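From first to last, the protein sequence lines stand for chains W and Y.
For the first sequence, this note's numbering assigns the number 81 to the initial residue and increments by one for each residue that follows.
For the second sequence, this note's numbering assigns the number 16 to the initial residue and increments by one for each residue that follows.
Glycine is no exception: its CB is placed at the ideal position from the N, C-alpha and C atoms.
For clarity, every value in this text was computed on a predicted model and none was experimentally measured.
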Amino acid sequence: MKQINDDLLNKYIDGELTRQEIDELEYFISTDPSSLEKLKTLKMVDEVLKKMQRDKAPANVTKRVMSQITSAIPDKYNKNHFFVIIISFFVLTIIGLLSYILTSYVPSQNTSSYSNTVIEKINLFILSGVGQFTSIIGGNNFHLIVASIMLIVMFTIYFLFESHKSFKKKLDSVVH
Amino acid sequence: MKNLTELEIIESVKRGNQTDFTLLVDMYKDRAFSLLKRLLKNEMDAEEALMDSFVKVYKSLPNFRFESKFSTWFYKIVYNTGLTFLSSKNRRIDNETSSIDEYFELGENDDEIYAKAENGKEYLLKLVDKLPPRHALIIILFYIDDLSLNEISQVLDLSLVNTKVLLHRSRNGLRDMLLKHNYQEEIL
């Protein structure tokens with residue numbers, strides 16, 4: 081066995097020695113009162129520390145933590161509702177715009193020969209193609225449509241930016 | 016009071032049930048406070064850091080993916096909050112991420128502690144409070160919170176070997192002080 085040192089005594093306390101190493105240590109230690117005293121005191125330290133009690137946190141901590149959380153962090157559900165409302169608004173706007181475009185640019189002379197289903201209107205819209213598009217550009221509604229699309233794009237970019245920012249914040253809070 | 020397991024509480028809070036977080040606070044407040052008190056060496060600072068820690072835990076909970084034990088993840092946040100608190104007060108633990116060559120001399124306040132202690136046990140417990148922050152933390156995490164050395168190494172961001180060395184040094188330091196005052200006689 082190597083010389084008896086503190087590392088070996090600590091391993092003995094933590095039960096990290098093999099049976100053979102324990103036997104050797106116990107033999108050597110029985111011939112060395114100074115090491116025996118060290119080991120016994122180390123055992124005492126270990127036993128006292130095992131019986132240590134936790135400190136009690138101040139009595140009103142839970143209440144204070146919850147009020148801090150409530151004031152600092154908006155309710156998750158309210159936040160979700162807000163997002164649902166905003167997203168619903170944009171989806172409805174886009175649907176409205178598409179419907180408006182579809183109903184506005186289907187040639188009126190052909191209306192009777194076509195069914196009124198949306199799919200057929202979409203087909204008709206695609207088929208009417210470039211000629212119809214030119215008439216849109218030439219029409220008075222062009223500015224209104226472009227402005228609406230720009231508005232939607234701007235809001236979308238803003239929300240993408242905001243969600244990216246909150247994601248980064250969450251990431252930082254985990255790292256730190 | 017609801018009777019939920021730790022896992023159920025975490026999942027409930029993640030689903031948005033904010034009030035269930037009180038259960039988690041009740042479960043962990045004493046552990047976190049014990050740790051912060053040893054780290055910051057001051058009850059008022061520990062209380063303030065405790066509040067910050069729980070707010071951080073709440074904010075970060077949606078990102079907890081159960082990849083480690085919740086307690087390890089929790090203590091890591093508490094420990095990092097304590098370190099941030101120390102640096103904001105212009106106190107810091109020397110190179111806390113790697114070095115463990117933190118010299119400590121328990122004899123500095125020994126006369127005062129020895130005079131106040133009635134027996135070896137009381138003397139020993141008072142000495143723990145005088146250990147340098149990481150030495151004291153390792154004692155708390157290992158003996159009171161029952162964390163394995165592997166978990167402690169994750170919390171303190173140390174290698175497993177260094178964590179073990181730190182634990183041994185802490186115990187040896189306490190033992191040497193007991194030997195100095197012949198307290199070992201009480202049990203030998």
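If you count every other CB in all the chains shown that lies within 10 Å of the CB of residue i, and 16 or more means buried, which is it?
i, result
"Asp-144(Y)", "exposed"
"Ile-115(Y)", "Caution applies to Ile-115(Y), whose pLDDT of 49 falls short of 50 and renders its modelled position unreliable; the model cannot decide the point."
"Glu-133(Y)", "exposed"
"Glu-166(Y)", "buried"
"Lys-131(W)", "exposed"
"Ile-109(W)", "buried"
"Met-124(W)", "buried"
"Ile-229(W)", "exposed"
"Tyr-198(Y)", "buried"
"Arg-186(Y)", "buried"
"Ile-25(Y)", "buried"
"Val-226(W)", "exposed"
"Lys-143(W)", "exposed"
"Gly-188(Y)", "buried"
"Asp-103(W)", "exposed"
"Ile-84(W)", "buried"
"Leu-124(Y)", "First, the residue type needs correcting, since residue 124(Y) is Asn and not Leu in the sequence shown. Answer is exposed; the Cβ neighbour count stays below 16."
"Thr-112(Y)", "Since pLDDT at Thr-112(Y) reaches only 41, below the 50 mark, its modelled position is unreliable, and the value read off the structure follows with that caveat. Per the 10 Å Cβ criterion, exposed."
"Ile-92(Y)", "buried"
"Ser-179(W)", "exposed"
"Lys-118(W)", "buried"
"Asp-112(W)", "exposed"
Measuring alpha carbon to alpha carbon, tell me which residue in the options is nearest residue i.
i, options, result
"Val-128(W)", "Leu-181(Y), Ser-168(Y), His-196(Y) and Ile-154(Y)", "Ile-154(Y)"
"Ala-139(W)", "Phe-79(Y), Tyr-129(Y) and Asp-41(Y)", "Asp-41(Y)"
"Asp-126(W)", "Ala-130(Y), Tyr-94(Y), Phe-157(Y) and Lys-195(Y)", "Phe-157(Y)"
"Ser-114(W)", "Asp-86(W), Arg-99(W) and Thr-98(W)", "Asp-86(W)"
"Ser-163(Y)", "Phe-89(Y), Thr-178(Y), Phe-79(Y) and Phe-81(Y)", "Thr-178(Y)"
"Ser-103(Y)", "Glu-63(Y), Arg-80(Y), Phe-81(Y) and Tyr-90(Y)", "Glu-63(Y)"
"Asp-126(Y)", "Asp-67(Y), Lys-195(Y), Ile-92(Y) and Phe-89(Y)", "Lys-195(Y)"
"Leu-231(W)", "Ser-179(W), Leu-178(W), Phe-170(W) and His-244(W)", "Phe-170(W)"
"Thr-236(W)", "Lys-248(W), Thr-173(W), Ser-179(W) and Ala-152(W)", "Thr-173(W)"
"Leu-50(Y)", "Asp-35(Y), Asp-191(Y), Ser-174(Y) and Arg-149(Y)", "Arg-149(Y)"
"Glu-58(Y)", "Leu-116(W), Ala-137(W) and Gln-100(W)", "Ala-137(W)"
"Ile-181(W)", "Glu-106(W), Lys-249(W) and Phe-222(W)", "Phe-222(W)"
"Leu-146(Y)", "Tyr-43(Y), Ser-68(Y), Lys-56(Y) and Asn-78(Y)", "Lys-56(Y)"
"Val-70(Y)", "Ser-151(W), Asp-135(W), Arg-134(W) and Gln-133(W)", "Ser-151(W)"
"Leu-171(Y)", "Leu-152(Y), Ala-130(Y) and Lys-84(Y)", "Leu-152(Y)"
"Leu-177(W)", "Val-164(W), Leu-224(W) and Glu-117(W)", "Leu-224(W)"
Following the continuous alpha helix (DSSP H) through residue i, name the residue where it begins and the one where it ends.
i, result
"Phe-100(Y)", "85–103"
"Gly-188(Y)", "175–195"
"Tyr-129(Y)", "125–131"
"Leu-139(Y)", "135–145"
"Ile-167(Y)", "164–171"
"Pro-113(W)", "113–130"
"Arg-144(W)", "141–152"
"Gln-100(W)", "99–110"
"Asp-45(Y)", "36–55"
"Leu-19(Y)", "Taken as a continuous stretch (DSSP letters only), Leu-19(Y) belongs to no alpha helix (DSSP H), as it is neither H nor E."
"Glu-62(Y)", "58–75"
"Pro-148(Y)", "148–154"
Using a threshold of 7 Å, state whether the C-beta atoms of residue i and residue j are closer than that.
i, j, result
"Asp-160(Y)", "Arg-46(Y)", "yes"
"Phe-48(Y)", "Leu-22(Y)", "no"
"Met-146(W)", "Thr-37(Y)", "yes"
"Ile-128(Y)", "Lys-136(Y)", "no"
"Leu-193(Y)", "Thr-121(W)", "yes"
"Thr-87(Y)", "Gln-169(Y)", "yes"
"Leu-101(Y)", "Lys-29(Y)", "no"
"Ile-149(W)", "Tyr-73(Y)", "yes"
"Lys-17(Y)", "Val-141(W)", "no"
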